[in-house]
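Visitor:
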Amino acid sequence: RHADVKGYSYSRGDVTAKALANAYSQALGNIFTQDIKPFEVEVLVAEVSDGNGSKNEIYHILYDGTIEDEKNYAAMGGQAEEIRRFLKDHYQDAMTLDDAVQLGVRALNVTQNKTLSSKDLEVAVLDATKARRKFRRIPAEVLTQLLGAPG
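Numbers 160 to 310, taken from the numbering used here, label the letters of the sequence shown in order.
What follows is the structure, encoded as structure tokens:
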């Protein structure tokens with residue numbers, strides 16, 4: 160709702176990840192402190208640089224409204240800490256899409272009792288080269304090629 164109101168009142172460019180993260184944080188914080196049964200959710204809000212001097216941003220909003228400003232990568236869910244430790248040790252700046260996808264899968268494999276294949280995954284990227292809608296889903300056949308083995 161915040162994005163719609165702000166975007167329609169002014170411009171889509173006026174809707175920032177930080178503003179959305181703050182709106183989610185406020186809503187979740189209010190529910191956490193006032194309701195008998197708070198939401199058990201985590202939300203990631205990401206903004207891709209549009210090339211005018213801005214930078215990529217990732218905000219992790221916890222169930223109680225706490226906002227964490229993430230750098231380069233984020234993980235959430237039951238095994239998030241283990242995945243974050245793995246990424247901290249293995250992440251490198253300016254990775255190719257192939258390398259980033261392979262690293263993500265390796266990070267997930269750390270928490271599994273099996274090796275994940277393309278059949279186990281849904282992968283998408285925020286593509287800074289796209290003009291407007293940055294979200295791009297990676298098709299299964301492309302994912303299989305990125306992983307370098309049949310799914």
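Every residue, glycine too, gets a C-beta built ideally from N, C-alpha and C.
Is it buried or exposed for L256, if we count other Cβ within 10 angstroms and need 16 for buried?
Guide: For this step, residue 256 is matched to residue 97 along the sequence shown. With fewer than 16 other Cβ atoms within 10 Å, it is exposed.
Visitor: Does DSSP put F198 in a helix, a strand or coil?
Guide: The residue you call residue 198 lines up with position 39 of the sequence shown. Three-state result, F198: coil.
Visitor: Among the residues of its own chain, which have a CB less than 6 Å from the CB of L302, if the five just before and after it don't count?
Guide: Along the sequence shown, read from residue 1 onward, the residue named residue 302 stands at position 143. S277 and V282, listed in sequence order.
Visitor: If you run the structure through DSSP and keep just helix, strand and coil, what is L275?
Guide: Here residue 275 refers to the residue found at position 116 of the sequence shown. L275 falls in the coil class under three-state DSSP.
Visitor: Would you identify the three-state DSSP class for V174, choosing helix, strand or coil?
Guide: By 1-based counting over the sequence shown, the position of residue 174 is 15. In the structure shown, V174 sits in coil (DSSP, three-state: anything other than H, G, I, E or B).
Visitor: Distance, Cα to Cα, L178 vs D279?
Guide: To locate residue 178, count along the sequence shown from 1; it is residue 19. To locate residue 279, count along the sequence shown from 1; it is residue 120. Leu is not the amino acid found at residue 178; the sequence shown has Ala there. Each residue's alpha carbon lies about 34 Å from the other.
Visitor: On the three-pair Cβ rule with 8 Å, is the segment 240 to 251 touching the segment 195 to 212?
Guide: No: fewer than three Cβ pairs fall under 8 Å.
Visitor: Can you list, in chain order, the residues of its chain with a C-beta nearer than 6 Å to that of L246? Leave out the 5 residues immediately preceding and following it.
Guide: Numbered from its first residue, the sequence shown carries residue 246 at position 87. So the list reads Y232 and A266, once near-sequence residues are dropped.
Visitor: Could you tell me the distance, in whole angstroms, from the CA atom of V174 to the CA atom of A287?
Guide: Counting from 1 along the sequence shown, the entry for residue 174 is found at position 15. Counting from 1 along the sequence shown, the entry for residue 287 is found at position 128. Distance between the alpha carbons of V174 and A287 is about 17 Å.
Visitor: Figure out for me which residue from A186, A234 and H249 has the closest Cα to the Cα of Y222.
Guide: Along the sequence shown, read from residue 1 onward, the residue named residue 222 stands at position 63. Nearest of A186, A234 and H249 to Y222, Cα basis: A186.
Visitor: Only counting the same chain, and skipping five residues up and downstream in sequence, which positions put a Cβ closer than 6 Å to that of K165?
Guide: Residue numbering aside, residue 165 sits at position 6 when the sequence shown is read from its first letter. Its pLDDT being 49, under 50, K165 is placed unreliably by the model, and nothing is read from it.
Visitor: For M235, which residues in the same chain have their Cβ closer than 7 Å to its Cβ, ignoring the five residues on either side in sequence?
Guide: Locating residue 235 in the sequence shown gives position 76, counting from the first residue. Excluding residues within five positions, the ones whose Cβ falls inside 7 Å are E201, L203 and H219.
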